[in-house]
Every structure is written in structure tokens, then in C-alpha cells.
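Engineer: Below is a structure I'd like to ask you about.
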Amino acid sequence: MTNPSDLIDFDSLLTLEERTLRDSVRSFVDTEIKPNIADWFEKAVFPLEIVPELAKLGLLGMHIDGYGCAGRTAVEYGLAGAELEAGDSGLRTFVSVQGSLAMSAIHKHGSEEQKQEWLPAMAKGEAIGCFGLTEPSAGSDPGNMATFAHRDGSDWVLNGTKRWIGLASVAQVAIIWAQSDKGVRGFVVPTSTPGFTATPISPKLSMRASIQCDVELTNVRLPHSAMLPETLGLGGPFSCLNEARYGIMWGAMGAARDSFEAALDYSAGRMQFGKPLAGYQLSQQKLVNMALEINKGFLLALHLGRKKDAGTLQPDQISVGKLNNCREAIEICREARAMLGGNGITLDYSPMRHANNLESVRTYEGTDEVHTLILGRKLTGIPAFR
Ligand code: TGC
1182 MTNPSDLIDF DSLLTLEERT LRDSVRSFVD TEIKPNIADW FEKAVFPLEI VPELAKLGLL
1242 GMHIDGYGCA GRTAVEYGLA GAELEAGDSG LRTFVSVQGS LAMSAIHKHG SEEQKQEWLP
1302 AMAKGEAIGC FGLTEPSAGS DPGNMATFAH RDGSDWVLNG TKRWIGLASV AQVAIIWAQS
1362 DKGVRGFVVP TSTPGFTATP ISPKLSMRAS IQCDVELTNV RLPHSAMLPE TLGLGGPFSC
1422 LNEARYGIMW GAMGAARDSF EAALDYSAGR MQFGKPLAGY QLSQQKLVNM ALEINKGFLL
1482 ALHLGRKKDA GTLQPDQISV GKLNNCREAI EICREARAML GGNGITLDYS PMRHANNLES
1542 VRTYEGTDEV HTLILGRKLT GIPAFR
């Protein structure tokens, strides 16, 4: 069975094209990622050498049409994200920051010149992008950002600090969101611009095979053409976060599925009191509960993905998927770790690594609390953020 947690024939809901893409990403993860990930995680290395492979698979900006991008559907993007995160959240995060955040910002809000300059190179993995929204004092509340862009003649000059910016120290281009006298604006900033510095944050206990940075912007001078012309206000960055949050609901279930498979496999071979762990009722209950939530999580992601492809997906509905699937996935990974006993705390097995990664995944792109309050507002009509 390719997917032992699939109790409901989920595959029958997918087209041949969707299954083919999913299988090709799974095979890449099995051969190129899984044999190396424990080492990368332990050494806190993001393997830049896999970027051309991800590009070859057509995974960078894969949901974008044109500009050298693969023009895949939202469901295909989600399926790929789940397979990548079955390898490691850091891998899915790379594809997400590159495609859903940086490339989406340029594709949705950029000028034709900005699209031509950056999107083809980013699709090929020749240019890496990052997305600077969060700040040391403005995480859940990006409207409170302090980074400011002021006009100086025809130029823009940016000053401020950003935090938790994925891939910034290896990126060639940064999308930086800043207050201006008219509201929040986005800028396409080559990272070689004087005054731009990115410093990886370490040591981390989560997402170790990934890079998150502090970014300093000190008198970063840009021509007017660096401004994203098609957006003004927080709706711009939020429209990109919608893309990334959508991918996370699939990715988290990939990490959960991989942890479940590790526990199932281990419990079949691990003898305790004269029989395999899998033969005990308490083990079977754990395995069944995990499988139920994985099946429900994938069904939810697929339903929302079909809505996204139909153009009817609402931001609140993305919160349903992101909140539910992150919450269930981390519980599944923790339960899987428990089934592995002491061995589960080593890097020989994936569940604890996935659980640690999911601490970040449930925090970025809107914490559990933010998505709860988005849905609380939807249900009651009363915003309770402040
Ligand atoms: P609110 O007043 O609700 O909205 C302000 C404007 O934004 C619009 N908007 C959205 N548009 C599209 N999609 C969405 N999901 C949107 N949410 C809001 C809204 O319509 C409004 O537009 P307009 O034209 O009327 O001005 O804003 P609020 O500040 O009251 O919202 C509250 C809250 C908590 C929901 C919001 O602030 C929020 O979602 N906070 C979480 C922020 C977040 O997810 N941050 C994570 C960023 S991740 C990051 O920076 C690092 S990237 C990852 C990496 O690099 O690894």
C-alpha cells in the first residue's frame, strides 16, 4: 500500500495527473531528502544544492501561469507540499516562501518589468526570494510595523528591522513591506542593495534544516520602479499569506502522515512482553486515532483546494484548514513519538523532528490563536484581536 493511513480511498478523489505529480515528488523526497534529513537537521543546514532539483520538478512558483512557471492547480500545489513536508517542514517552507510568498507578491502586485526580471529566474531556482513582513515588535499585528519607506526625490529610502524572515541570508531578492505616508507598500529589494543585511537566527530547536533571519534595513535606497505598484495597504501582504497558509494545511498533514507511518512500522517490529507493540489494544487505538485525523485533514485540504481552484475559497476557510491541520498534525507527531518510546527522541526516527518543526509551522503565517480569532469573528461578528 503506498499510503497505509488511507482508510477511505482518498486516491480515488484525485485525477491521474494529480497522482502522477504527487508520486514524482514523493519519490524525490524518498531518495534525495529522507536519507539525509537527520544529518541536515542535526547540523542545522539548509541544503541549497537541492534548489535546482526542486526547480527541475517544476515546484517553484508552481501555481503561477507563465513566466516559466508550471501553472499547476491549487490541489497539485497542495499535494506536492504534503510530500515535501513528509520529508521536512524546512523543505516545504522553502517552496512556500519562494512560490507562495515572494513570487506571488511579484505576480499579484508587481509591474510587468518586475515579473519579467524576477519570476523566470525564481522558477529556475537561479534567484531565491524572501518575504519581509514580520518585525521584532510586530508579529501577529503586522499593521503595527515600524519599517518605514520615505520618498527622497524620485527614490524610496527604507529603514527598519524584520525578524523570522525565511531564507533571507541566501536570497537574491526580498519583498519588503513598509509603512509609507499613504499606507503599507511592498518593495522588490535586491539583497545586494547597500544597507540590506540578513543574519540567520540560531540556535533553533525547530526547523533546523531551514534558515530564518533577522533583517536590517539601513537607508536602503531604491528607485521608484522597485515599488510594487498594484497594492496599497495590508491586503497586499495578506493576499500572499493566504497562499502560504493554504499550502501549510496540506504540508502539516504530510508531516503527520510520515510520523504515523514511522509509528506503524515501528510498532509492527518492536516486541514487548512477547508480542509486537502493534498487537496491543492501546497501540491500535493510538494508530487508529492518528489515521482518522490524517484522513479528515487530507479531505479538508482537498475540499478547500478544489474551492481554491474554482475561485470560491475565502480567507476564513483557509483559517479552518491551517488551524485544524496544524493542531491535529502536531498531536499526531507527538503521539507517534510516544509509541517509539525512548528511541523516539533520537534523530533515527522522524516524529519528534516533525513535532518540533510543527511548533514553527503552527506559529508562522498566523498562530493558532490568530486563526481561532479570525474564525471567532466569523462566527460572532465581533473582532476580539484587540
Ligand atoms: P484587518 O483590519 O482585518 O484587515 C486589514 C486589511 O487587510 C485585509 N485582509 C485580508 N486580505 C486578504 N486576505 C486576508 N486573509 C486578509 N486579512 C485581512 C482586510 O480586508 C483589510 O483590507 P482594507 O482594504 O479594508 O484595509 O486587519 P487586522 O490587522 O485587524 O487583522 C487582524 C489579524 C490578526 C487577522 C491579522 O493582522 C493577521 O492575520 N495577523 C497574522 C499575521 C501573520 O500571519 N503573520 C505571519 C507572517 S509570516 C512572515 O512574515 C514570515 S514569512 C515566512 C517565512 O519567511 O518563513
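Everything in the sequence shown is counted per our numbering, starting at 1182 for the first residue and increasing by one. Note that the Cβ used here is the ideal one computed from N, Cα and C, for glycine as well.
1. For E1266, verify whether its CB is less than 7 angstroms away from any heavy atom of ligand 1.
2. Determine the DSSP secondary structure at H1288, reduced to helix, strand or coil.
3. Taking the runs of the beta strand (DSSP E) that are 3 residues or longer, which of them lie wholly in the region 1306-1389?
4. In or out: K1456 buried (at least 16 other Cβ within 10 Å) or exposed?
5. Determine the DSSP secondary structure at L1521, reduced to helix, strand or coil.
6. Confirm, please, whether the CB-CB distance from A1519 to L1539 is below 8 angstroms.
7. Kindly indicate which three-state DSSP category A1565 falls into: helix, strand or coil?
8. Kindly indicate which three-state DSSP category M1533 falls into: helix, strand or coil?
9. Three Cβ pairs or more, each shorter than 8 angstroms: is that satisfied between the region 1425-1440 and the region 1489-1508?
10. Is there at least one non-hydrogen atom of ligand 1 closer than 7 angstroms to the beta-carbon of I1356?
11. Starting from D1211, trace the alpha helix (DSSP H) in both directions and tell me its first and last residue.
12. Between which two residues does the beta strand (DSSP E) carrying Q1393 extend?
13. Here's the rule I'm using: 16 or more other beta-carbon atoms within 10 Å means buried, otherwise exposed. How should R1389 be labelled?
14. Do A1349 and V1370 have their CB atoms nearer than 8 angstroms?
15. Compute every distance between the C-beta of Y1545 and the non-hydrogen atoms of ligand 1, then say whether any falls below 7 angstroms.
16. Identify every run of the alpha helix (DSSP H) within the region 1400-1460, keeping only runs that are complete inside it and at least 4 residues long; order them along the chain.
17. Between W1299 and chain D, is the shortest Cβ-Cβ distance under 8 angstroms, so that the two count as touching?
18. Looking at the secondary structure, which residues open and close the alpha helix (DSSP H) in which Y1220 lies?
19. Please state whether the Cβ-Cβ distance between E1266 and L1202 is less than 8 angstroms.
20. Beta carbon of I1555: closer than 7 angstroms to some heavy atom of ligand 1?
21. With distance defined between alpha-carbon atoms, name the residue in L1481, L1238 and I1475 nearest to E1512.
22. So what's G1547 in DSSP terms, helix, strand or just coil?
23. Around the Cβ of Q1393, are there at least 16 other Cβ atoms within 10 angstroms (buried) or fewer (exposed)?
24. Between which two residues does the alpha helix (DSSP H) containing V1276 stretch?
Structural biologist: According to the structure data:
1. no
2. helix
3. 1310-1313, 1329-1333, 1336-1347, 1354-1361, 1364-1371 and 1377-1381
4. exposed
5. coil
6. no
7. coil
8. helix
9. yes
10. no
11. Here D1211 belongs to no alpha helix (DSSP H), and DSSP marks it neither H nor E.
12. Q1393 to L1403
13. buried
14. no
15. yes
16. 1416-1450
17. Chain labels in this structure do not include chain D; a single protein chain is all it has.
18. The residue asked about is misnamed: residue 1220 is Asp in this sequence, not Tyr. Its alpha helix (DSSP H) spans residues I1218 to K1224.
19. no
20. yes
21. I1475
22. coil
23. buried
24. S1270 to V1276
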